[in-house]
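Top to bottom, those sequences are chains A and B.
When we follow the working numbering, the leftmost residue of the first sequence carries the number 419, and every step to the right adds one.
When we follow the working numbering, the leftmost residue of the second sequence carries the number 11, and every step to the right adds one.
Just so you know, even glycine gets a beta-carbon here, dropped at the ideal spot from N, CA and C.
Let me begin by presenting the structure, written as structure tokens, before commenting on it.
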Amino acid sequence: MNPFVVMDCVLLTRMSGLQEAASLRELRERVAVCSENVLYHHFHETLLRPTFDYPDYHNDFAVWAKLHLADPLLAERFGIIDPFSFSSLEELRGVMLEIIDERLNVLSISPTVSRGSEFYFFEADTVVFDTGDRICSPAELAPVVSRMSTGSIFFHFIEAHRREPIDMDDFSAWLIQFGDETSDLRDALQTIDNAFLTLSEMRNEICDRLSAQNP
Amino acid sequence: MEKSLLMYEACAGCSAIRQLRMLGEKLSGSRVVHVNSTREGGGVAEILAWMVPLMRDLGIDASWEVIRGAGDFFSVTKSIHNGLQGFPISISQKGWETYHGTNETNAERLRSSLEDAEIVVIHDPQPAPLLNLCEGRKGKWVWRAHIDISHPYLPVWKTLRTIVKGYDASIFSMPQFALPLPHPQYLVTPSIDPLSEKNCDLRPDELEAVRARFGLDPSRPLLVQISRFDRFKDPLGVIDAYRLVKKVQPVQLVLAGGGATDDPEGAEVLQEVMEAAKGDQDIHVLLLPPDAHRTVNALQRVADVIIQKSLREGFGLTVTEGLWKGKPVIGGDTGGIRKQVVDYHTGFLVNTPEGAAHRIRFLLHHREKMKVMGEKAREFVRENFLLTRHLRDYLILFHALLSGSREPRIYV
Numbered sequence: 419m420n421p422f423v424v425m426d427c428v429l430l431t432r433m434s435g436l437q438e439a440a441s442l443r444e445l446r447e448r449v450a451v452c453s454e455n456v457l458y459h460h461f462h463e464t465l466l467r468p469t470f471d472y473p474d475y476h477n478d479f480a481v482w483a484k485l486h487l488a489d490p491l492l493a494e495r496f497g498i499i500d501p502f503s504f505s506s507l508e509e510l511r512g513v514m515l516e517i518i519d520e521r522l523n524v525l526s527i528s529p530t531v532s533r534g535s536e537f538y539f540f541e542a543d544t545v546v547f548d549t550g551d552r553i554c555s556p557a558e559l560a561p562v563v564s565r566m567s568t569g570s571i572f573f574h575f576i577e578a579h580r581r582e583p584i585d586m587d588d589f590s591a592w593l594i595q596f597g598d599e600t601s602d603l604r605d606a607l608q609t610i611d612n613a614f615l616t617l618s619e620m621r622n623e624i625c626d627r628l629s630a631q632n633p
Numbered sequence: 011m012e013k014s015l016l017m018y019e020a021c022a023g024c025s026a027i028r029q030l031r032m033l034g035e036k037l038s039g040s041r042v043v044h045v046n047s048t049r050e051g052g053g054v055a056e057i058l059a060w061m062v063p064l065m066r067d068l069g070i071d072a073s074w075e076v077i078r079g080a081g082d083f084f085s086v087t088k089s090i091h092n093g094l095q096g097f098p099i100s101i102s103q104k105g106w107e108t109y110h111g112t113n114e115t116n117a118e119r120l121r122s123s124l125e126d127a128e129i130v131v132i133h134d135p136q137p138a139p140l141l142n143l144c145e146g147r148k149g150k151w152v153w154r155a156h157i158d159i160s161h162p163y164l165p166v167w168k169t170l171r172t173i174v175k176g177y178d179a180s181i182f183s184m185p186q187f188a189l190p191l192p193h194p195q196y197l198v199t200p201s202i203d204p205l206s207e208k209n210c211d212l213r214p215d216e217l218e219a220v221r222a223r224f225g226l227d228p229s230r231p232l233l234v235q236i237s238r239f240d241r242f243k244d245p246l247g248v249i250d251a252y253r254l255v256k257k258v259q260p261v262q263l264v265l266a267g268g269g270a271t272d273d274p275e276g277a278e279v280l281q282e283v284m285e286a287a288k289g290d291q292d293i294h295v296l297l298l299p300p301d302a303h304r305t306v307n308a309l310q311r312v313a314d315v316i317i318q319k320s321l322r323e324g325f326g327l328t329v330t331e332g333l334w335k336g337k338p339v340i341g342g343d344t345g346g347i348r349k350q351v352v353d354y355h356t357g358f359l360v361n362t363p364e365g366a367a368h369r370i371r372f373l374l375h376h377r378e379k380m381k382v383m384g385e386k387a388r389e390f391v392r393e394n395f396l397l398t399r400h401l402r403d404y405l406i407l408f409h410a411l412l413s414g415s416r417e418p419r420i421y422v
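Rendered as structure tokens:
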């Protein structure tokens, strides 16, 4: 059996090259053409950023709509988007554009923000480190996960969905080799609703589910 | 004493150190040269003073060069600096010639070292022309802008842009500081050294000695702003805020800062501050020597409230230092201060002397809240603004540039 290789990751953020958006119309124009990495960053990688309390919304577009565009209705519509529910980032982009178009259609003018409150489009390089830790059996998984950094949780549980096997976290993918005896464990992991969890909460949830299945 | 990475493990954690060692292995033996315009005074010199030894500790052949110039050169670069921060300032043809001429002289001295390096990091605009003066360069050149150039005076930026557009990459502290350039623009926030004289723990008797030395009354609240005497730091606004608070609370104010060798305006601003403080025994204006790090450390620790009421700010390392001392900071709502000061969590952002006075009074009336905010502030710095994270970002960037990889995922 192949051991589970525990990785850690950090981000190095850079400007995407797109001009910042100062209005909803400009946001639409940029979202229509931005790379998938930009969309991914603003929907998923925000998890790696520090927060002091529970943010109302987890994606940057919803936060901007609420705090800077002062459009709570739009913020709610962006906020409920679950990026994990789409089969591709292109599909996610399509939904974003639909929401913006509907809103622009209702508003008589495209709302703008003051200087300094523009939406900046970023992307990030994910830098991956081998921690040197290895897991050899499913029973070892929970205790090791409980000690993982938030970077490791992000890499194995969020970022994993972009890698082969697509749309599966690394823990579930690794457990497949143990056959039917781990099917309950895999089900337990794959039904975690991670859209509203911080990375620390995700770590706790993963541990709880693994421990419940494998006490 | 030169510090080793191991000494930071207690503050930053072992995984941070392990990441650095792994990156160091990848870059081992690479020649990296940093160039700036002053060895002492200001945040950039402080960063380089720890970063270069730690890069060496990781096996990187790192060095730090400082460009030399006469007073007229630093007058021009100060004007460029002010222009980039939005001050409408005219720079004469002769001024630009002085700027280029001094860089040419420095290029003669530094050329072989810069042309041979795998990575050259040029800090701020002063040495920026060196790129085009090193035609035989082999490595990657990075322009590191530490200042806020988001709304520059355009004639100054237009000229500087022709110089910096040739770099392989640039680094900004905040996205708002960046302007379009035809190369990748990375975002790296600065940091502090928790073991430096300015940030290390101090014994109570040392704090008391500093209090006694400057005649500070331990029974009355103390407000402290540490920064250069620079108009963008708004020392006069701080005095206004202090006076508003003093109407209702018996407070004291310390305005302390050093001069930097590349800032000829400092003396003029200091004079204005002395004038404004005249006749008030509770305002202590202190011009400190560049090596007064322990004094600054002690002043921040004996402060009840730390202020950094800047009108424009690059990142604001004095804010980071204040937060690391477990104090909430009242900061100007500008630049990198916004990234560090979060209302009701690590301090308050303000726009006017009135706003600063209001928040000072709030904190002095809510001592328990102030304590909780201070604890949060220290943890916030530990997670985000210690030098280990800063060093890691640089090493990742070097690694990405040297590998030439365009992949969004880099395995180390």
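Three-state secondary structure (DSSP) of residue 46 of chain B
As a first step, residue 46 of chain B is located in the second sequence; it is residue number 36 there, counting from the start. Residue 46 of chain B falls in the strand class under three-state DSSP.
Could you pull out every unbroken alpha helix (DSSP H) segment of at least 4 residues lying fully inside the region 531-594 of chain A, listed in chain order?
556-564, 568-571 and 588-593
Enumerate, from N- to C-terminal direction, the unbroken alpha helix (DSSP H) stretches of 4 or more residues contained entirely within the region 490-527 of chain A.
490-497 and 507-524
Could you tell me which chain B residues have their CB closer than 9 angstroms to the CB of residue 627 of chain A, listed as they occur along the chain?
Along the first sequence, read from residue 1 onward, the residue named residue 627 of chain A stands at position 209. Residues of chain B passing the Cβ test: none, with the nearest at roughly 24 angstroms.
List, in order along the chain, the chain B residues whose C-beta lies closer than 7 angstroms to that of residue 538 of chain A?
Working through the first sequence from its first residue, we reach residue 538 of chain A at position 120. Correct list: 185.
By the criterion of Cβ-Cβ separation under 8 angstroms, what are the contact partners of residue 402 of chain B in chain A?
Position 392 of the second sequence, counted from the first residue, corresponds to residue 402 of chain B. Simply 428.
With a CB to CB cut of under 8 angstroms and the five nearest residues on each side skipped, what residues in its chain are close to residue 39 of chain B?
On the second sequence, position 29 is the one that residue 39 of chain B refers to. Counting only Cβ-Cβ distances below 8 angstroms, and skipping sequence neighbours, we find 69, 70 and 71.
Which residues in the same chain as residue 43 of chain B place their Cβ atom closer than 7 angstroms to its Cβ, once the five residues preceding and following it in sequence are excluded?
In the second sequence, counting from the first residue as 1, residue 43 of chain B sits at position 33. These residues qualify, in order along the chain: 73, 75, 123, 124, 127 and 130.
Using a Cβ-Cβ cut-off of 8 angstroms (strictly less than) and excluding sequence neighbours within five positions of residue 608 of chain A, which residues of its own chain qualify?
Within the first sequence, the letter at position 190 stands for residue 608 of chain A. 586, 587 and 590.
Coil, strand or helix - residue 294 of chain B by DSSP:
In the second sequence, the residue the question calls residue 294 of chain B occupies position 284. Looking at residue 294 of chain B - three-state DSSP - the assignment turns out to be strand.
What would DSSP say about residue 439 of chain B, mapped onto helix, strand or coil?
Nothing about residue 439 of chain B can be reported from this structure: the residues present for chain B run from 11 to 422 only.
Starting from residue 620 of chain A, find everything on chain B with Cβ-Cβ shorter than 9 angstroms and list it in chain order.
Translated into the one-based positions of the first sequence, residue 620 of chain A becomes position 202. Chain B residues near residue 620 of chain A: none, gap ~18 angstroms exceeds 9 angstroms.
In three-state terms, what does DSSP make of residue 148 of chain B?
Your numbering for residue 148 of chain B matches position 138 in the second sequence. Of the three classes helix, strand and coil, the one that applies to residue 148 of chain B here is coil, per DSSP.
Going by beta-carbon coordinates alone, are residue 332 of chain B and residue 347 of chain B separated by less than 8 angstroms?
Here residue 332 of chain B refers to the residue found at position 322 when the second sequence is read from its first residue. Here residue 347 of chain B refers to the residue found at position 337 when the second sequence is read from its first residue. Cβ atoms of residue 332 of chain B and residue 347 of chain B: not closer than 8 angstroms.
With a cut-off of 8 angstroms, does the C-beta of residue 523 of chain A fall near any C-beta of chain B?
One-based indexing of the first sequence puts residue 523 of chain A at position 105. Not an interface residue.
Contact set between residue 421 of chain B and chain A, taken where Cβ atoms lie within less than 7 angstroms:
Residue 421 of chain B sits at position 411 when you count from the first residue of the second sequence. What residue 421 of chain B touches in chain A: 546.
Check whether the Cβ of residue 605 of chain A sits closer than 7 angstroms to any heavy atom of the ligand GTP, and report yes or no.
This structure lacks the ligand GTP; in fact it carries no ligand of any kind.
Is the region 393-408 of chain B touching the region 185-205 of chain B in the sense that three or more CB pairs, one from each, lie closer than 8 angstroms?
yes
Does the beta carbon of residue 188 of chain B sit closer than 8 angstroms to a beta carbon anywhere in chain A?
Walking along the second sequence from the start, residue 188 of chain B turns up at place 178. For residue 188 of chain B, the answer is yes, since a Cβ of chain A falls inside 8 angstroms of its Cβ.
So which of A:480, A:619 and A:629 has the shortest CA-CA distance to residue 457 of chain A?
Along the first sequence, read from residue 1 onward, the residue named residue 457 of chain A stands at position 39. Residue A:480 is the option with its Cα nearest to residue 457 of chain A.
Ordered along the chain, which non-local residues of its own chain (more than five positions away) have a Cβ less than 7 angstroms from that of residue 146 of chain B?
Indexing the second sequence from 1 puts residue 146 of chain B at position 136. So the list reads 125, once near-sequence residues are dropped.
Euclidean distance between Cα positions of residue 426 of chain A and residue 569 of chain A
Here residue 426 of chain A is taken as the residue at index 8 of the first sequence, counted from 1. Here residue 569 of chain A is taken as the residue at index 151 of the first sequence, counted from 1. Cα to Cα, the separation comes out at about 5 angstroms.
In chain B, what lies closer than 7 angstroms to residue 455 of chain A by C-beta?
For this step, residue 455 of chain A is matched to residue 37 along the first sequence. In chain order: 418.
Residues near residue 336 of chain B in its chain [Cβ-Cβ closer than 7 angstroms; skip 5 each side]
As a working note, residue 336 of chain B is residue 326 in the second sequence. These residues qualify, in order along the chain: 384, 385, 387 and 388.
Jot down the residue ranges of each uninterrupted beta strand (DSSP E) in the region 340-406 of chain B, minimum 3 residues, whole runs only, in chain order.
357-360
Write down the C-beta distance between residue 537 of chain A and residue 445 of chain A rounded to the nearest angstrom, noting that I regard them as a contact closer than 8 angstroms.
Walking along the first sequence from the start, residue 537 of chain A turns up at place 119. Walking along the first sequence from the start, residue 445 of chain A turns up at place 27. For a cut-off of 8 angstroms, the C-beta gap from residue 537 of chain A to residue 445 of chain A is around 6 angstroms, short enough to register as a contact.
Flag this pair as yes or no: are the beta carbons of residue 250 of chain B and residue 342 of chain B separated by less than 8 angstroms?
By one-based count along the second sequence, residue 250 of chain B stands at place 240. By one-based count along the second sequence, residue 342 of chain B stands at place 332. Between residue 250 of chain B and residue 342 of chain B, the gap from beta carbon to beta carbon reaches 8 angstroms or more.
Could you pull the DSSP bridge partners for residue 84 of chain B from this structure?
Your numbering for residue 84 of chain B matches position 74 in the second sequence. Paired residue(s): none; residue 84 of chain B is not in a bridge.
Do residue 188 of chain B and residue 411 of chain B have their beta-carbon atoms positioned less than 8 angstroms apart in this structure?
For this step, residue 411 of chain B is matched to residue 401 along the second sequence. For this step, residue 188 of chain B is matched to residue 178 along the second sequence. Result no, Cβ atoms of residue 411 of chain B and residue 188 of chain B do not sit closer than 8 angstroms.
Residue 133 of chain B: first and last residue of the uninterrupted beta strand (DSSP E) it sits in
Your numbering for residue 133 of chain B matches position 123 in the second sequence. Unbroken beta strand (DSSP E) run through residue 133 of chain B: 129-133.
Could you name the residues of chain A that residue 95 of chain B contacts, counting a contact when the two beta carbons are closer than 8 angstroms?
Against the second sequence, residue 95 of chain B aligns to sequence position 85. Neighbours of residue 95 of chain B on chain A: none; closest Cβ ~14 angstroms, over 8 angstroms.
Residues within the region 24-48 of chain B neighbouring chain A, beta-carbon criterion of under 8 angstroms
Answer set for the region 24-48 of chain B: 25, 28, 29 and 32.
Can you give me the Cβ contacts of residue 306 of chain B inside the same chain, cut-off strictly under 6 angstroms, excluding the 5 residues immediately before and after it?
Your numbering for residue 306 of chain B matches position 296 in the second sequence. Around residue 306 of chain B: 208 and 236.
Output needed for residue 606 of chain A: all residues of its chain with C-beta closer than 6 angstroms, excluding positions within five of it in sequence on either side, in chain order.
Here residue 606 of chain A refers to the residue found at position 188 of the first sequence. Same-chain partners within the cutoff: 627 and 631.
7 angstroms CB neighbourhood of residue 373 of chain B in its chain, flanking five on each side removed
As a first step, residue 373 of chain B must be located in the second sequence, where it is residue number 363. 315, 338 and 380.
In the region 298-326 of chain B, which residues sit with their C-beta less than 7 angstroms from some C-beta in chain A, listed in chain order?
none
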